[in-house]
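Okay, structure first, notes after.
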Amino acid sequence: MSTQSEAGNSVTTEWRSAWTAALDELELDVVTIETMLADERRLAELPESNLWQPPTELGALPLELRPRADEILTRQLAAAEEIARRLTSTRVQQVMTSRIETGEATKRPVFLDCAM
Numbered sequence: 009m010s011t012q013s014e015a016g017n018s019v020t021t022e023w024r025s026a027w028t029a030a031l032d033e034l035e036l037d038v039v040t041i042e043t044m045l046a047d048e049r050r051l052a053e054l055p056e057s058n059l060w061q062p063p064t065e066l067g068a069l070p071l072e073l074r075p076r077a078d079e080i081l082t083r084q085l086a087a088a089e090e091i092a093r094r095l096t097s098t099r100v101q102q103v104m105t106s107r108i109e110t111g112e113a114t115k116r117p118v119f120l121d122c123a124m
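Below, the structure written as structure tokens:
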């Protein structure tokens, strides 16, 4: 009977370890984005995008890992909001920049002689 109990503990330990590894990978992605958002210079050095895929063979998330998963989700949502805010800001700056007249595209008269 103890062999069956030991086998069950081994499976539970492997399951928990697999989920911990999956959360580690997901958290590393969030840390990368948070670091890039914190350092403007790093935005130019974008890493290749690897979309995280939830593990399909692990089953349900262990209950004791739920707080960590919730915290990672909260951080992901905050990073996504910051990215959206920065994209909007960039769009506004692009519109303003496009309105700046450089004088190269069209040559307009500097003055108009109304004496005629």
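FYI, the numbering for the sequence shown is 9 to 124, going by our numbering.
The C-beta atom is built at its ideal place from N, Cα and C for all residues, glycine as well.
The structure displayed is predicted, hence computed values, not measured ones.
Inter-residue Cα distance where the pair is residue i and residue j
{"i": "Val-100", "j": "Pro-63", "result": "39 Å"}
{"i": "Arg-76", "j": "Leu-66", "result": "17 Å"}
{"i": "Leu-45", "j": "Trp-23", "result": "33 Å"}
{"i": "Arg-83", "j": "Thr-96", "result": "20 Å"}
{"i": "Val-38", "j": "Ala-87", "result": "8 Å"}
{"i": "Thr-98", "j": "Ala-123", "result": "46 Å"}
Selected residue, minimal CA-CA separation from residue i, among the options
{"i": "Ala-5", "options": "Leu-73, Ser-18, Glu-42", "result": "Absent from the structure is residue 5, since the part of the chain shown begins at 9 and ends at 124."}
{"i": "Thr-20", "options": "Ala-92, Leu-71, Leu-95", "result": "Leu-71"}
{"i": "Asp-32", "options": "Glu-79, Ala-88, Ser-106", "result": "Glu-79"}
With 16 other Cβ atoms within 10 Å as the buried cut-off, status of residue i
{"i": "Trp-60", "result": "exposed"}
Complete runs of the alpha helix (DSSP H) confined to the region 74-103 [at least 4 residues]: You should have found no qualifying run.
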